[in-house]
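Since the structure comes first, as structure tokens, the remarks are kept for the end.
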């Protein structure tokens, strides 16, 4: 029969259309604005209305999501910030659009470099969110943030982030990337343990040598 | 890969036939043959007719400034499968002239125009040697080593100004108008009148045949601002009523000089830039580039098993995601507007969620590294992938099939439209679904297997009419074959590391050249890299399938209506990021 293909197609469209109502009726009140609702619409059983209603609902971001970088600082007891960054410059060297500017601190008395940045700028307009800076930082000092709502009215005033604007505490990093944080803590503890073992072995060797 | 025995035989045959002006390229790390420029056409005809290399895949130029010469590199393949035959022509840099191969391989058309445009190599005998990626009045050749771009800072990244004295400033503050224009003698920009696209319009007018009715043929611009041209793409058509008499594609509106940026970048920095080529299938682009550099790096960059499987899984998911988008936009071009498109995009969203969870980003994945992938699959992603391929995707593809394939409107509009015969397809260097829908079952994953594709069972999908409907069917069936590959890969995925050696940001690439190609969703995506031992590539060229598939567009549209021209373009499935680079 001519037109069978069109009728089959209309059947599919009709099913999708009717589903948008039926699925809503089956789960009254639980479809929108709730965590299970959002998760259901992102799973393999998604049927009916598929849209996540931004800005009332927001898509839960996976841990690896990367947007703009931020600098991690540890909070001292007196409230001051200790940035983990040592201004080694690897992130500036590895950044593909070269959007990181770092000024290394020079000790005024000795003239040698000190492991902290005097100034750290990231031009967020140029940043291509690749994550290479966070991937190759040897000190876990720069990480990729999750915040994507960074729209401003005037980019010339606002979009070069300095050290203050980039700094966020370790607790924030732990909150947005829990398993990365845990893996790093474990790696640090492992490194510490190995170092202590080496020191102990060296001490034992020295003591044994002394005895002779 | 051609065995050494087969390579030796070809070598012997070639050297034996043309002893005076063909010799092997003896440079360290290089491959192929050097051909004298004046015998190039003879050599090409012999290759095509006698040795069976009928498919010219890539034509590109290289500027060797220190040696004072320019080189044009050709990669030819046999449509029956096998490795490449690489041959090169070297000409002096002051006045580079190379005979054109358009008469032998019509697919070299756009690529020779690009070499003229970006490098200044003149091709003698080319029917239409105009600029293709830059605008007609542009002066200078951007890919030459002595040409500096508008915001030029230094020859190679990383720039010294970023560390240790990081004095931040915006590039536009240094050069407010972004100009590196040099006006010629006596030129006054305020009084100069742009002659417009007269050259294009002159080339496309046909001599009008005398007829009883007094009519006129009109030249119409489809694009660059057009909702259905898949990006900023322009087609200049000569119309006789509503029938297309001649069509010329004009591109370059999204040209970002990606290859020059690639020369400034280090090898690692180029990976995020390759994401932005075919921005709908970023994992495939990463794959091609990483494979090309790994060929240069040698055995120490061989990825571990788990990484190889993850690479294949991601590449096949990219293929599914891209084909869903292609089917959706084809139906959009047909006038079915957004309904089928959004049904297809719903499935694509679920795949993009997997990409986001693994690589950090939905589109600009930046996931592959030299020697493996950046990080392992996070917990939960494996189950999500299993659920998708076992349950949801086969069901939804069948639903899409039921919805669209037998639709009488789709069939009557797409069958017999935009036919490309197999001989034409090979001659025009068409690749991917365009080639396979014309009856040539050439798929790089089978013809010249790379990575671990030889371990998987899948069919190469080919149809035989070569029209728009067949290209749609090929893409639909390829989704099913990709699902098959992913199921096998997920079943066999081993444990282990995902990176060979430690992650390095300063990769030492030995001297030489390499051409790495993958079967991307749009066709054969190749990366030609020349390294001179420094941290930055000397030449970085992308063999873009969308760009070269467009060579056949003019031929396919002749005699069809304007509305058909739109869907023929949609069926080639171009992405402007790749076409213009």
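Protein chains in written order, with this note's numbering: chain S, 309 to 520; chain W, -12 to 568. Glycine residues also receive a C-beta, built at the ideal position from the N, C-alpha and C atoms. Just so we're clear, the structure is a prediction, and the values are computed from it rather than from any experiment.
Please name the residue in the options whose C-alpha comes closest to that of residue i.
i, options, result
"residue 368 of chain W", "W:338, W:20, W:501", "W:338"
"residue 257 of chain W", "W:119, W:537, W:544, W:524", "W:524"
"residue 244 of chain W", "W:389, W:102, W:23, W:483", "W:102"
"residue 253 of chain W", "W:543, W:516, W:538, W:561", "W:516"
"residue 481 of chain W", "W:298, W:336, W:519", "W:298"
"residue 489 of chain W", "W:444, W:287, W:41", "W:287"
"residue 52 of chain W", "W:187, W:80, W:61", "W:80"
"residue 466 of chain W", "W:432, W:175, W:354, W:308", "W:308"
"residue 563 of chain W", "W:389, W:484, W:215, W:498", "W:215"
"residue 48 of chain W", "W:247, W:152, W:486", "W:247"
"residue 462 of chain S", "S:511, S:309, S:433", "S:433"
"residue 412 of chain S", "W:293, W:68, W:151, W:130", "W:151"
"residue 222 of chain W", "W:381, W:230, W:229, W:234", "W:234"
"residue 132 of chain W", "W:-1, W:527, W:261", "W:527"
"residue 446 of chain W", "W:318, W:471, W:371", "W:471"
"residue 260 of chain W", "S:391, S:405, S:312", "S:405"
"residue 582 of chain W", "W:323, W:473, W:366", "Past the boundaries of the shown model lies residue 582 of chain W; chain W is included only from -12 to 568, so the question cannot be answered."
"residue 572 of chain W", "W:521, W:498, W:536", "For residue 572 of chain W there is no data in the structure shown, the boundaries of chain W being -12 and 568."
Which chain W residues sit within Cβ distance under 7 Å of residue i?
i, result
"residue 429 of chain S", "153, 155"
"residue 406 of chain S", "144, 145, 146, 149"
"residue 496 of chain S", "Correct list: empty, because the minimum Cβ distance to chain W is about 18 Å."
Counting contacts by CB-CB distance shorter than 7 Å, is residue i in contact with chain S?
i, result
"residue 372 of chain W", "no"
"residue 523 of chain W", "no"
"residue 303 of chain W", "no"
"residue -12 of chain W", "Because residue -12 of chain W carries a pLDDT of 38, less than 50, the predicted location of this residue cannot be relied on, and the following value inherits that uncertainty. So no, residue -12 of chain W is outside the interface."
"residue 163 of chain W", "no"
"residue 50 of chain W", "no"
"residue 30 of chain W", "no"
"residue 388 of chain W", "no"
"residue 378 of chain W", "yes"
"residue 334 of chain W", "no"
"residue 256 of chain W", "yes"
If the cut is a Cβ gap below 8 Å, which residues of chain W does residue i touch?
i, result
"residue 373 of chain S", "343, 347, 348"
"residue 395 of chain S", "150, 151"
"residue 443 of chain S", "361, 490"
Does the beta carbon of residue i sit closer than 7 Å to a beta carbon anywhere in chain W?
i, result
"residue 463 of chain S", "no"
"residue 364 of chain S", "no"
"residue 478 of chain S", "no"
"residue 357 of chain S", "no"
"residue 316 of chain S", "yes"
"residue 378 of chain S", "no"
"residue 451 of chain S", "no"
"residue 468 of chain S", "yes"
"residue 446 of chain S", "no"
"residue 341 of chain S", "no"
"residue 370 of chain S", "yes"
"residue 410 of chain S", "yes"
"residue 389 of chain S", "no"
"residue 401 of chain S", "yes"
Using 8 Å for Cβ pairs, my map puts residue i next to residue j. What's the rounded Cβ distance?
i, j, result
"residue 56 of chain W", "residue 106 of chain W", "Going by Cβ atoms, the distance from residue 56 of chain W to residue 106 of chain W rounds to 12 Å, so no, they are not a contact pair."
"residue 111 of chain W", "residue 87 of chain W", "6 Å"
"residue 95 of chain W", "residue 155 of chain W", "Residue 95 of chain W to residue 155 of chain W, Cβ: 46 Å. No contact."
"residue 217 of chain W", "residue 316 of chain W", "7 Å"
Output, in chain order, the set of chain S residues within a Cβ distance shorter than 7 Å of residue i.
i, result
"residue 326 of chain W", "321"
"residue 260 of chain W", "404"
"residue 486 of chain W", "The contacting residues do not exist; residue 486 of chain W stays about 11 Å from chain S at best."
Give the interface partners of residue i over in chain S, defined as CB-CB distance under 8 Å, in chain order.
i, result
"residue 351 of chain W", "436, 437, 438"
"residue 375 of chain W", "352"
"residue 273 of chain W", "Going along chain S, no residue has its Cβ under 8 Å from residue 273 of chain W, so there is no contact; the nearest lies around 11 Å."
"residue 222 of chain W", "Ordered by position in chain S, no residue passes the 8 Å Cβ test against residue 222 of chain W, which lies about 30 Å from the chain."
What does residue i reach in chain S if we use C-beta pairs closer than 9 Å?
i, result
"residue 137 of chain W", "By Cβ distance, chain S contributes nothing, its closest Cβ being about 15 Å from residue 137 of chain W, past 9 Å."
"residue 482 of chain W", "Those do not exist, as residue 482 of chain W stays about 17 Å from chain S at its closest Cβ, beyond 9 Å."
"residue 365 of chain W", "370, 371, 372, 487"
Just to make sure I have the definition right: I need the residues of chain B whose C-beta is within less than 8 Å of the C-beta of residue i. Which are they?
i, result
"residue 398 of chain S", "In the displayed structure, chain B is absent; the protein chains listed are S and W."
Can you pull the chain W residues whose beta carbon is under 9 Å from the beta carbon of residue i, in chain order?
i, result
"residue 471 of chain S", "Within chain W, no residue comes near residue 471 of chain S; the closest Cβ sits about 11 Å away, beyond 9 Å."
"residue 312 of chain S", "393, 395"
Inset, instruction - Starting from the N-terminal side, write out each stretch of the alpha helix (DSSP H) that is 4 residues or longer and does not extend beyond the region 332 to 397 of chain W. - result: Listed in chain order, the complete alpha helix (DSSP H) runs (minimum 4 residues) inside the region 332 to 397 of chain W are 368 to 374, 380 to 391.
Inset, instruction - Write down every uninterrupted run of the alpha helix (DSSP H) in the region -12 to 54 of chain W whose length is 4 residues or greater and which is fully enclosed by it, in chain order. - result: -9 to 4, 27 to 33, all fully within the region -12 to 54 of chain W.
Inset, instruction - For the region 46 to 127 of chain W, list the alpha helix (DSSP H) runs that are entirely contained and at least 4 residues long, ordered along the chain. - result: Segments of the alpha helix (DSSP H) lying fully in the region 46 to 127 of chain W: 96 to 106.
Legend entry - Segments of 3+ residues assigned as beta strand (DSSP E) that fall wholly inside the region 404 to 458 of chain S: Taking 3 residues as the minimum length, the beta strand (DSSP E) runs contained wholly in the region 404 to 458 of chain S are 408 to 414, 421 to 431, 450 to 452, in order along the chain.
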